[in-house]
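Chains as they are written, first to last, in the numbering used here: chain A, 1 to 261; chain B, 1001 to 1388. Don't be surprised by glycine CBs; every beta carbon is placed ideally from N, CA and C. Note sheet for the following structure.
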C-alpha cells in the first residue's frame, strides 16, 4: 500500500495538470484579397481612344496607368485600425500587367465586422526610398533623385485634343513635389504629395476561415473633376515639376477610388 | 568443403559485380558535371536575371560560348572569305555593335555574307541578362512568342545562321563543321555532358557568354557608388537627363533608379509622321503586337557606351550623338501614334540650348565603360580549340 501512494500521487498530479491547461483556441485563417479595376464615367476603361471628355471640356484618351498603393488599413469602431503590412505594405498596379491587378494580403486578420478600408495613395515619406525596388516594373517607376527621389506614385499617360484639335500627349505623373527658388532650377524644398484614401461603402464582415475580395476601382475622370476642373490646355502635358498642378491633382484624388465588394 | 567452395565463388561474384560497377561509374555520362557560373550583380542593378531554366550558366558553357561567338565556322563555312561569326559584326570595342568605324560595314550598316543588308542597324549586346522584354528592335524574340524556337538569346543563334542578311547558311552545315573541328567535341562535353554538337547547344553556349557581358563600371556607376565626383557640366547634364523640363530622357532610358539606362520597352519617339504604304516597316513593334499604338515603335536602346554604338535609331539615320540630341531638341515629328511620353511634341522637342546640349552630351559620356570595352574575358580568344 505504501508503495502505491507515490504512484497515485503521480497520476493525480498529471491529471490535475491537464485540467489546469487552458483550452486551445482553434486556429482560424481569414484572408483579404484586393483586386483593381479602372473605370471612366462608370464604365470599363476603353484605352487608346479619344472618347472621353473631362470636367474642363478636354477630349482625352488614356493609354496606360501605373500606380502604387500602400499601408492598407482595416477600420473597426471597437478597435484601433489594423495595418496590413506583415508581408508587404506596398503594391504596384499596372494597366498593362494583369498579374498586378490582384493583391493577396497574407496578414493575420481577425474574423469580424469591419467598418471601412483605407490606404495610402502612393508611398509615405518613410518608405519611399530610392533603390528599394531594383527590379522592373517597379524600378521603372523611379522618381529622379534631383526631384525628390523615391518612386512615382502614379503615371497616368494619355493624350488630349488641344485648342487646335491636335492630340497632344499628357503625362499625369504624381510623386514628390519641389519648391523652386528659380524654376526650373534651384530647388529649395520638397513636398510629400501622398495622401490617405478612405474607401466609401467598404464595410464588410470577414467570417471565420473566410475570404473577402474587395475590388478597388479607379474612377479616372475624377482625377480631373472635383474640386478642381483640371484643364490640360492650362497645365500642359507634364506636371511632375509643377507642384501647383500636382497639388490640385492630389486634392482631386479624394473620390477617385471606389469599391466593388 | 563444398560449402567453403560455394562461399569462395560467392565472394568472387560479389567482387566482380563491385569492380564492374566501379568501371561503369567512370564513364563520361556518369561523371560529367559543370561548374556553376555566378553572375555578380552590380550596385543598383536588378536581382532578377533572364536565365532560362533549361540553360543554367556554367563556367564551361561560357568558355565554349566565347569560342563559338568568335569562330567564323559557326556559319558552316571554312573559307576565310565567307566565314562569319557573331563577332564579325558584334565588336567589343563598340559595345558589341559594328560601330560607325567598322572597316567593312561602312557607316555602321552591316550586311550578310551574300551582301544583303540587314533590315535595321544593330543593337548592342550589353547587360542582356536583365532583359525580359524581348530581343530585336521590335521584341519579336520573346517569351510571348508562340514559336518556342523564337523566345530568347539562345534562339538568335540559329536565326543568325540561316538569315540571308547574316550568315545565310544552314544549321546542319554549321553543326557538322563544329563537330569535325578538333577540340570542340570535348568542350561540348564539358559544357553539356555530350560530345555531340547540336545547334541547340551552340545557341545555349553563345547565350551564356552573352549573358556575361555586363557593363557596370562607367564613371557614372562609380559616381553612384560614391567613388568619384562628376564635373559641373556632367552634373548639369544629369539633371537635364532626369527632368521633364530638361531633356526628359529618363522615362524611357533610365537613370539613377534604373541603371540599365533603358526600360527595354518600345516607343514611337516621333521620328516619322507616316507608317503606311512605302513608309510601312514590317519590323516595327506593330507587326508583333498588332496594336495600332505600336506603329513606328521600336525598342529604347540602352545608353551605356552609346558614344561608340552609332549610327543611331533603328534605321541608323543619325551618325552622331549631336544629331540625336538635335533631333530630340528640335525635330520631333507628330503622328497619331507618338508615345504619350513624348509630351514635348507640341514644341517639336525639348528645346535645349547649345550649352545644355553640351552638358547633356557630357553626362551621356559618363556612361562610357572602358573596363567593359577592354575586358579581355569578352574579347576574341587567343586560339581556337583546334589551335590549342
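- Excluding sequence positions up to five before and after residue 1239/B, its CB lies within less than 7 Å of the CB of 1246, all in the same chain and listed in chain order.
- For residue 1374/B and residue 1292/B, the gap between their C-alpha atoms comes out near 42 Å.
- Taking the C-beta atoms as reference points, residue 1095/B is found no nearer than 7 Å to residue 1258/B.
- Residue 1304/B sits in coil when the DSSP states are folded into three classes, being neither helix nor strand.
- Residue pairing of residue 1036/B in beta bridges, as defined by DSSP: 1058/B.
- With fewer than 16 other CB atoms across the displayed protein chains lying within 10 angstroms of its CB, residue 1274/B is exposed.
- Taking a contact as a CB-CB distance under 8 Å, the pair residue 121/A and residue 33/A does not count as one, their CB atoms being some 19 Å apart.
- Using a Cβ-Cβ distance cut-off of 8 Å, the stretch 1062–1082 of chain B and the stretch 1333–1353 of chain B are not in contact, since fewer than three pairs of beta carbons, one from each stretch, lie closer than that value.
- Every alpha helix (DSSP H) stretch that sits fully inside the stretch 1058–1098 of chain B and reaches 4 residues is listed by chain position as 1059–1070 and 1086–1089.
- The alpha carbon of residue 1108/B has as its nearest neighbour, out of 1031/B, 1098/B and 1148/B, the alpha carbon of 1098/B.
- Proximity of residue 1046/B to chain A, defined by a Cβ-Cβ separation below 7 Å, is satisfied.
- Residue 142/A has a beta carbon lying within less than 7 Å of a beta carbon in chain B.
- The alpha-carbon separation between residue 169/A and residue 140/A amounts to approximately 19 Å.
- By a beta-carbon distance limit of 8 Å, residue 192/A does not contact residue 138/A. Their separation comes to about 19 Å.
- A contact between stretches requires three or more CB pairs, one per stretch, nearer than 8 Å, and the stretch 1107–1123 of chain B meets this requirement with the stretch 1161–1168 of chain B.
- For the stretch 143–174 of chain A, the set of positions with a beta-carbon nearer than 9 Å to some beta-carbon of chain B reads 143, 144, 145, 146, 147, 149, 150, 151, 155, 157, 158, 159, 162, 166, 167, 168, 169, 170, 171 and 173 in chain order.
- Not one beta carbon of chain B lies nearer than 7 Å to the beta carbon of residue 177/A.
- For residue 207/A, no Cβ of chain B is located within less than 7 Å of the residue's own Cβ.
- Interface with chain A (7 Å Cβ-Cβ cutoff): residue 1255/B is included.
- Collapsing the DSSP output to three states places residue 1162/B in a helix.
- With a threshold of 7 Å between beta carbons, residue 237/A makes contact with chain B.
- The alpha carbon of residue 66/A has as its nearest neighbour, out of 78/A, 203/A and 36/A, the alpha carbon of 36/A.
- The beta carbons of residue 117/A and residue 199/A sit closer together than 7 Å.
- Close to residue 97/A, with beta-carbon spacing below 9 Å, lies no residue of chain B; the smallest spacing is near 12 Å.
- Counting only runs that start and end inside the stretch 172–217 of chain A, the beta strand (DSSP E) elements of at least 3 residues fall at 177–182, 185–191, 195–199 and 204–206.
- Secondary structure of residue 51/A (DSSP, three-state): coil.
- In the DSSP assignment, residue 1251/B falls outside any beta strand (DSSP E) and within the unbroken alpha helix (DSSP H) covering 1250–1253.
- 157/A is the residue among 157/A, 104/A, 210/A and 176/A whose C-alpha sits nearest the C-alpha of residue 223/A.
- In this structure, DSSP gives residue 1151/B a state outside helix and strand, which the three-state scheme calls coil.
- By alpha-carbon distance to residue 1244/B, the top candidate from 1380/B, 1345/B and 1130/B is 1345/B.
- Sequence-distant partners of residue 1160/B (beyond 5 residues in either direction) whose C-beta falls short of 8 Å from its own C-beta, in its chain, are 1086, 1166 and 1167.
- Shown here for residue 1080/B: not one same chain residue has a beta carbon closer than 6 Å to its own, the five before and five after excluded.
- Look at the stretch 1234–1261 of chain B: the residues with a C-beta under 7 Å from a C-beta of chain A are 1239, 1242, 1243, 1244, 1245, 1250, 1255, 1256, 1257 and 1258.
- Within chain B, the residues placing a beta-carbon under 7 Å from that of residue 48/A are 1293, ordered along the chain.
- With a contact defined as Cβ atoms closer than 8 Å, residue 1224/B and residue 1256/B qualify at about 7 Å.
- Exclusion of the five residues before and after residue 86/A leaves 107 as the residues of its chain whose Cβ lies within less than 6 Å of its Cβ.
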